[in-house]
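Chemist: Protein chains in written order, with my numbering: chain V, 1 to 331; chain Y, 332 to 668.
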Amino acid sequence: MPLLEIENLTVSFQTAGGQFTAVDSVSLHIKPGEIVSIVGESGSGKSVAMLALMGLLPWTATVTADKLSFNNQDLKTIAKPDLRKIIGSKMAMIFQEPMTSLNPCFTVGFQIMESLKIHLGLNRAQRKKRAIELLELVGIPEPEKRLSAFPHQLSGGMNQRVMIALAISCNPQLLIADEPTTALDVTIQAQILDLLLKLQKEKGMSLILITHDMGVVAETAERVAVQYAGQQVEKQKVKGLFSNPHHPYTQALLNSLPERSKSKILPSIAGVVPGQFDKPKGCLFSPRCEYATDKCRTVPPVPAGDEQGRALCHYPIENGKPTNYPEEVNS
Amino acid sequence: MFLYFLKKLGVILPTFFGVTLVAFVFIRLLPGDPVMLMAGERGMSEERHAALMTEMGFDKPVIVQYGYYLMDLARGDFGTSIITKRPVLEEFGALFPATVELSVCAMILAILFGLPAGMIAATKRGSTFDHTVMTSALTGYSMPIFWWGLLLIIFFSGILGWTPVSGRISLLYYFEPVTGFMLIDSLLSGQDGAFASALSHLILPAIVLGTIPLAVIARQTRSAMLEVLSEDYVRTARAKGLGPQRVIGLHALRNALIPVITVIGLQVGVLFAGAILTETIFSWPGIGKWMVDSIFRRDYSAVQGGLLLIAAIVMLVNLAVDLLYGLINPQIRHTDS
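(1) Is Y/Ile439 buried or exposed, if buried means 16 or more other CB atoms sit within 10 Å of its CB?
(2) Per DSSP, which residues does V/Lys237 bridge with? Please list them.
(3) Quick one: any contact between the segment 360-368 of chain Y and the segment 616-629 of chain Y, if contact means 3 or more CB pairs under 8 Å?
(4) State the beta-bridge partners of V/His29 as determined by DSSP.
(5) Does the segment 62-74 of chain V come close enough to the segment 40-47 of chain V to have 3 or more Cβ pairs within less than 8 Å?
(6) Would a C-beta distance cut-off of 8 Å place V/Thr60 and V/Thr10 closer than the cut-off?
(7) Out of Y/Phe444, Y/Tyr504, Y/Leu426 and Y/Leu545, state which residue places its alpha-carbon closest to the alpha-carbon of Y/Ser473.
(8) Given this structure, state the Cα-to-Cα distance separating Y/Ile543 from Y/Val353, to the nearest angstrom.
(9) Do you know offhand how far Y/Ser668's Cα is from V/Glu290's?
(10) Using a Cβ cut-off of 8 Å, which residues of the segment 87-100 of chain V contact any Cβ in chain Y, in chain order?
(11) With distances taken between CB atoms, is the gap from Y/Val645 to Y/Val599 smaller than 8 Å?
(12) Tell me, please, whether the CB atom of Y/Leu682 is closer than 8 Å to any CB atom in chain V?
(13) Given Y/Ala448, which residues of its chain have a CB within under 6 Å of its CB, disregarding the five upstream and five downstream residues?
(14) Within 10 angstroms of its Cβ, does Y/Ala651 collect 16 or more other Cβ (buried), or is it exposed?
(15) Going by CA-CA distance only, name the one from V/Asp194, V/Thr323 and V/His247 that's closest to V/Gln232.
(16) Determine, for V/His247, whether the minimum Cβ-Cβ distance to residues of chain A falls below 8 Å.
(17) Interface residues of chain Y around V/Arg146 at Cβ under 8 Å?
(18) For V/Val216, count the other beta carbons within 10 Å of its own beta carbon; 16 or more makes it buried, fewer makes it exposed. Which is it?
(19) Which class does Y/Ile414 belong to by DSSP, given the choice of helix, strand or coil?
(20) For a contact defined as C-beta to C-beta under 7 Å, what are the partners of Y/Pro590 on chain V?
(21) At a CB distance below 8 Å, what residues from the segment 6-34 of chain V approach chain Y? Give them in sequence order.
(22) Kindly indicate the opening and closing residues of the beta strand (DSSP E) around V/Ser206.
(23) Counting only Cβ pairs nearer than 7 Å, list the residues of chain V close to Y/Ile612.
(24) Around the Cβ of Y/Glu610, are there at least 16 other Cβ atoms within 10 angstroms (buried) or fewer (exposed)?
(25) Could you tell me whether any Cβ in chain V is nearer than 8 Å to the Cβ of Y/Arg566?
(26) Check the DSSP bridge columns for V/Pro87 and list the partner residues they point to.
(27) Counting only the same chain and skipping the five closest in sequence on each side, list residues whose C-beta sits under 7 Å from that of Y/Asn660.
(28) Less than 7 Å between the CB of Y/Thr611 and some heavy atom of the ligand COA, yes or no?
(29) Which residues in chain V have a C-beta closer than 7 Å to the C-beta of Y/His582? List them in chain order.
(30) Closest to V/Val238 by C-alpha separation, out of V/Pro326, V/Ala218 and V/Ser256, would be which residue?
(31) Among Y/Leu658, Y/Val547, Y/Tyr400 and Y/Tyr399, which has the Cα closest to the Cα of Y/Thr466?
(32) Could you name the residues of chain V that Y/Arg569 contacts, counting a contact when the two beta carbons are closer than 9 Å?
(33) Compare the C-beta of V/Glu179 against all C-beta atoms of chain Y and say whether one is closer than 8 Å.
(34) For V/Lys321, name the three-state secondary structure that DSSP assigns.
(35) Kindly indicate which residue of V/Leu154, V/Gln276 and V/Leu53 has the alpha-carbon position closest to the one of V/Gln14.
(36) Can a CB atom of chain V be found closer than 8 Å to the CB of Y/Leu461?
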């Protein structure tokens with residue numbers, strides 16, 4: 001029984017230049033206690049999909065889905081006050097920028113205890129006790145003193161620990177971490193990641209880790225969803241993804257990892273993610289794909305089977321070679 | 332915090348000095364002098380005029396007069412009214428509560444309506460409510476006070492007959508002033524209907540005086556809110572499952588308040604300027620009306636003293652606002668000390 005079921009989630013924004021689809025038919029199933037990673041470069045709609053799930057998008061966004069359920073509760077039709085009982089307690093999220101994600105006008109203690117008050121209804125003394133426990137749990141020294149600190153008095157890493165404490169305050173079943181280490185120093189990144197994994201194991205919660213760091217994926221996740229330009233281009237177990245990627249984008253991402261590079265010059269994927277005005281007609285990755293054919297440039301691909309990671313490609317890659325690839329390529 | 336306070340005080344003192352100079356020079360630039368105005372229509376002989384001017388010290392060079400004036404000020408002496416022969420400070424003190432009462436009520440009205448209007452307009456950006464509020468605010472801001480006051484008098488006092496035209500309270504009531512604030516004194520007097528009468532006298536002038544601050548506060552609140560609502564910590568607050576009231580009314584508002592409080596502080600100066608017109612229109616016996624009368628009588632000491640006191644009050648209010656920043660946003664408090 002999956003904890004979270006997302007089927008064909010689509011998010012579009014009303015912009016001055018017309019409707020812009022930021023997330024296009026994304027599906028994701030998360031089992032209790034599982035770690036799933038969503039990877040993709042900036043602008044691939046990873047965060048937007050999760051914000052849509054949490055109901056945190058601005059009113060300019062239109063969210064549609066065939067299924068959007070958490071714990072058997074339909075999030076599509078749920079009343080807003082009921083959704084607010086779930087988010088922040090059963091389903092929590094931490095964000096990319098710890099320095100700006102906490103309110104500068106309130107103490108760290110207030111911000112943690114606020115959650116405890118509205119979701120768990122603890123009294124003042126219980127809230128304080130629990131907040132100290134939480135800060136201790138996320139590895140903040142002198143937690144009792146830190147309660148009265150303001151976010152600007154703490155470092156980025158400390159603030160992210162506070163954000164984590166805030167997120168796990170009500171023992172969530174699902175924690176969504178949206179690039180939790182991107183804004184931090186490299187040494188701190190590892191600490192925060194270790195902390196997240198430790199807490200995940202201790203609490204037995206599911207973890208969705210949004211990242212663009214393949215190294216992080218390899219170390220942490222069990223399953224991976226690769227997203228590109230709002231579309232899910234591949235879904236696989238971590239091992240399979242690294243040994244046998246099926247989508248050219250995944251392959252290119254892996255090839256650009258420094259530790260996999262064989263040449264002196266680090267390979268990169270030329271070009272950028274298409275935006276609102278330069279969306280290709282066929283496969284969205286075709287302008288940057290080394291295997292792209294005329295078919296790729298004109299006909300949108302359909303997902304391959306499960307054995308090929310549902311790769312969104314006309315010629316899914318198998319052991320480094322595209323399958324069903326035309327003999328003569330006129331590219 | 333104390334250092335911060337001293338720094339602010341260091342800015343205030345030179346400003347205060349500048350105001351003495353401006354007040355002193357400008358009243359003397361007006362044609363006519365107090366002696367001629369006292370003589371009235373019949374006029375007086377050249378010799379008598381010169382003698383009186385000498386007696387009052389107005390025959391000396393202006394720079395010398397200014398020196399005397401500063402020396403008096405340094406001793407805390409704001410001068411004596413040429414016309415009434417009473418100390419300026421005493422006259423000011425007697426009339427000041429009326430102006431404070433009017434200004435405070437005007438500001439309360441402005442904040443009470445301006446702040447929520449701006450907040451709702453920001454959260455419902457682009458809605459009919461937003462457009463209505465912003466258009467009304469622009470209209471209110473552009474409206475000349477005297478004209479707006481007369482319109483309200485014609486409508487509410489003239490046509491509907493709901494409110495009195497002028498004064499602070501009906502002539503039917505009399506009681507010794509205790510606090511100088513009519514609303515409080517009327518309550519203390521225990522006389523039936525006194526409070527209602529005071530309130531009905533106050534409401535129109537307060538609306539007129541509060542219109543511009545209301546418009547400014549509404550617009551400032553809206554823009555500050557719009558900026559804050561897109562901040563990460565507002566998203567965090569929503570991600571915690573907080574309701575919209577708490578997200579907007581606590582997490583966003585607290586951060587949006589800094590620029591709003593700044594304009595509220597600045598509006599105190601506008602309020603005094605507006606009080607001059609409003610008090611004249613409604614015959615409100617406050618310092619605004621007193622200043623106008625003093626200018627027409629060329630009562631040099633009263634005008635100088637009055638301007639100086641008003642300037643001092645405006646500066647003190649702004650100092651208080653500066654100190655408030657630190658209370659609202661701890662980041663400011665910590666960077667300055």
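Each residue gets a CB set at the ideal place from its N, CA and C atoms; glycine is no exception.
From a predicted model like this one, the values you see are computed outputs, not experimental measurements.
Modeler: Taking the definition as stated:
(1) Classified as exposed, Y/Ile439 has fewer than 16 neighbouring CB atoms from the shown chains inside 10 Å of its CB.
(2) Its beta-bridge partners are V/Arg223.
(3) Yes, they touch.
(4) Looking at the DSSP assignment, V/His29 forms a beta bridge with V/Glu5.
(5) Counting C-beta pairs with one atom in each stretch, the segment 62-74 of chain V and the segment 40-47 of chain V have fewer than three that are closer than 8 Å, which means they do not touch.
(6) No.
(7) That would be Y/Leu545, whose Cα lies nearest to the Cα of Y/Ser473.
(8) Between Y/Ile543 and Y/Val353, the alpha-carbon positions lie close to 26 Å from each other.
(9) Low confidence applies to Y/Ser668: its pLDDT is 45, below 50, so where it sits in the model is not reliable, and the reading given next is rough at best. Spanning the two alpha carbons is a distance of roughly 59 Å.
(10) Against chain Y - using a Cβ distance shorter than 8 Å - the residues of the segment 87-100 of chain V are Ile87, Gly88, Ser89, Ala92, Met93, Phe95, Glu97 and Thr100.
(11) Contact flag set, yes.
(12) An answer regarding residue 682 of chain Y cannot be provided, because it is not within the stretch 332 to 668 covered by chain Y.
(13) Cβ neighbours of Y/Ala448 beyond the five flanking positions: Val464 and Ala549.
(14) Y/Ala651 is exposed by the Cβ-count criterion.
(15) Of the candidates V/Asp194, V/Thr323 and V/His247, the one whose C-alpha sits nearest the C-alpha of V/Gln232 is V/His247.
(16) Judged by its chain identifiers, the structure shown contains no chain A, and its protein chains are V and Y.
(17) Taking the beta carbon of V/Arg146 as reference, no residue of chain Y falls within 8 Å; the closest one sits roughly 14 Å away.
(18) Label assigned to V/Val216: buried.
(19) Here Y/Ile414 sits in coil by DSSP.
(20) What Y/Pro590 touches in chain V: nothing, since even the nearest Cβ is about 14 Å away.
(21) Cβ proximity to chain Y below 8 Å picks out nothing from the segment 6-34 of chain V.
(22) Per DSSP, V/Ser206 belongs to the beta strand (DSSP E) from Ser206 to Thr211.
(23) Here the premise fails: no neighbours, minimum Cβ distance about 41 Å.
(24) Under this definition Y/Glu610 is a buried residue.
(25) Y/Arg566 belongs to the set of residues whose beta carbon lies under 8 Å from a beta carbon in chain V.
(26) One point to set straight first is that residue 87 of chain V is Ile, not Pro, in the sequence displayed. V/Met91, per the DSSP bridge assignment.
(27) Around Y/Asn660: Ile589.
(28) The ligand COA is not among the ligands present in this structure, which contains no ligands whatsoever.
(29) Residues of chain V passing the Cβ test: Asn103.
(30) For the residues V/Pro326, V/Ala218 and V/Ser256, the minimum Cα distance to V/Val238 belongs to V/Ala218.
(31) Taking Y/Thr466 as reference, the option from Y/Leu658, Y/Val547, Y/Tyr400 and Y/Tyr399 with the minimal CA-CA separation is Y/Val547.
(32) Here the neighbours are Met54, Gly55, Leu56, Arg84, Ile87 and Gly88.
(33) So, not an interface residue.
(34) Here V/Lys321 sits in strand by DSSP.
(35) The candidate whose alpha carbon is nearest that of V/Gln14 is V/Gln276.
(36) The sequence given here has Asp at residue 461 of chain Y, not Leu. By this cut-off, Y/Asp461 is not an interface position.
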